[in-house]
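> Please see the structure below; I have some questions.
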Ligand SMILES: *Cc1c(COP(=O)(O)O)cnc(C)c1O
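In the UniProt record's numbering, the protein residues as written are 1 to 236.
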C-alpha cells in the first residue's frame, strides 16, 4: 500500500465520523489525487485556480479513457486559497465550497457569477485569528457586518467560518487562536435564521492543518485541511 493510501486510511479511522477531511493536494501531481481517491478520499483542497482547473480536466480526461472504471465525478473540491475575482470562472464551476472568502468584494463577485451562471456556491468566511498580519481574513466585526447586513445574497450560502492559527509550535497560542473561531461561531449561532445571510445552515468551522489538526479536532472542528501529512512536503 502506498504511504498516501496508508495515511488516508489512518486518518479516516482516527477522525470522528462527522469531521470532513479535506486532502490538500496543491503542488502535488494529479496521480497523487488518484492514489488518495483509490484509498477512499473524496474531498480535496486546492489553493490556485489554474492548478485546480488542470487537475479537474486531467481527471475528466482520464475518466473518459476507455477501460477506466473510475469516473471521479464524486470528488468534491474545496477552494482554500486567495481567489481573485477575475479567476472565478476557473474555479466556481468545479468546486463544492470556497472556504477562503476574505473580502466583501469577493463575496459579491461570487454571488454575481452565481446569478449569471445559475449556481449557488457554499462558502466559508475566513476569520483572521492568527497574530501574523500577513494572513488573510476578516475581523469579527466585519464578519458580523456581512452576516447581519440586509443585503441578501441569492447565489451564495454562507455555511460557516474558516481560520488558520499562528504558525508556531506553541500549543497554547494555537488553542487561543482556534478558540476565537469557536467563540465567534457560538455567539452567532443563536442568531441563525433571523438574518437573510445567517440562515439555519450556518455553523461549520474549518480549522486545523497537518501540524495542528489534532488540537483542532479536540476543539470541535467540522472540517480539517491536511496536505503535508498525506502527500509529503511540497516543492514550491
Ligand atoms: C496548504 C494549506 C493547508 C494544508 O497545509 P498542511 O500543513 O500541508 O497540512 C491547509 N489550509 C490552507 C488554507 C492551505 O493553504
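We treat Cβ as the ideally placed atom computed from N, Cα and C, and that holds for glycine.
(1) Considering only residues of the same chain and omitting the five flanking positions on each side of residue 19, which have a CB-CB separation below 8 Å?
(2) Taking the alpha-carbon of residue 75 as reference, which of 55, 67 and 88 has the nearest alpha-carbon?
(3) Tell me the DSSP secondary structure of residue 98 in three-state form.
(4) Taking all protein chains shown into account, do 16 or more other C-beta atoms lie within 10 angstroms of the C-beta of residue 57, making it buried, or fewer, making it exposed?
(5) Is it true that the segment 150-157 meets the segment 179-189, where meeting means three or more beta-carbon pairs spaced less than 8 Å apart?
(6) Which whole runs of the alpha helix (DSSP H) in the segment 13-69 are 4 residues long or more, in chain order?
(7) Just mark residue 100 as buried or exposed, buried being the case when its beta carbon has 16 or more other beta carbons within 10 Å.
(8) Alpha carbon to alpha carbon, what distance is there between residue 82 and residue 45?
(9) In three-state terms, what does DSSP make of residue 108?
(10) With a Cβ-Cβ cutoff of 8 Å, do residue 164 and residue 109 count as a contact?
(11) Quick check on residue 194: does DSSP put it in helix, strand or coil?
(12) Between the Cα of residue 126 and the Cα atoms of 178, 17 and 226, which residue gives the shortest distance?
(13) Identify every residue that forms a DSSP beta bridge with residue 158.
(14) For residue 206, which beta-bridge partners are listed by DSSP?
(15) Could you tell me whether the Cβ atoms of residue 28 and residue 231 are closer together than 8 Å?
(16) Do residue 128 and residue 248 have their beta-carbon atoms positioned less than 8 Å apart in this structure?
(17) Less than 6 Å between C-beta atoms, sequence neighbours within five positions excluded: which residues of the same chain meet that for residue 155?
(18) Kindly indicate which residue of 92, 5 and 210 has the alpha-carbon position closest to the one of residue 52.
(19) How is the alpha helix (DSSP H) around residue 180 delimited, first residue to last?
(20) Given residue 32, which residues of its chain have a CB within under 8 Å of its CB, disregarding the five upstream and five downstream residues?
(21) Compute the Euclidean distance between the alpha carbons of residue 139 and residue 30, then round it to the nearest angstrom.
(22) Measuring from each Cβ to the nearest heavy atom of ligand 1, keep the ones under 5 Å and list them in chain order.
Short version:
(1) 217, 221, 222, 223 and 224
(2) 55
(3) strand
(4) exposed
(5) no
(6) 30-38 and 49-64
(7) When all chains shown are included, residue 100 counts as buried.
(8) 13 Å
(9) helix
(10) Result no, Cβ atoms of residue 164 and residue 109 do not sit closer than 8 Å.
(11) coil
(12) 178
(13) Looking at the DSSP output, residue 158 sits in a beta bridge with 123.
(14) 162 and 223
(15) yes
(16) The structure shown has nothing for residue 248, since the chain only spans 1 to 236.
(17) Once the five neighbours on either side are set aside, the close Cβ partners of residue 155 are 111, 114, 115 and 120.
(18) 92
(19) For residue 180, the enclosing alpha helix (DSSP H) begins and ends at 171-188.
(20) 4, 25 and 231
(21) 35 Å
(22) So the residues near ligand 1 by this Cβ test are 24, 47, 80, 209, 210, 225, 226, 227 and 228.
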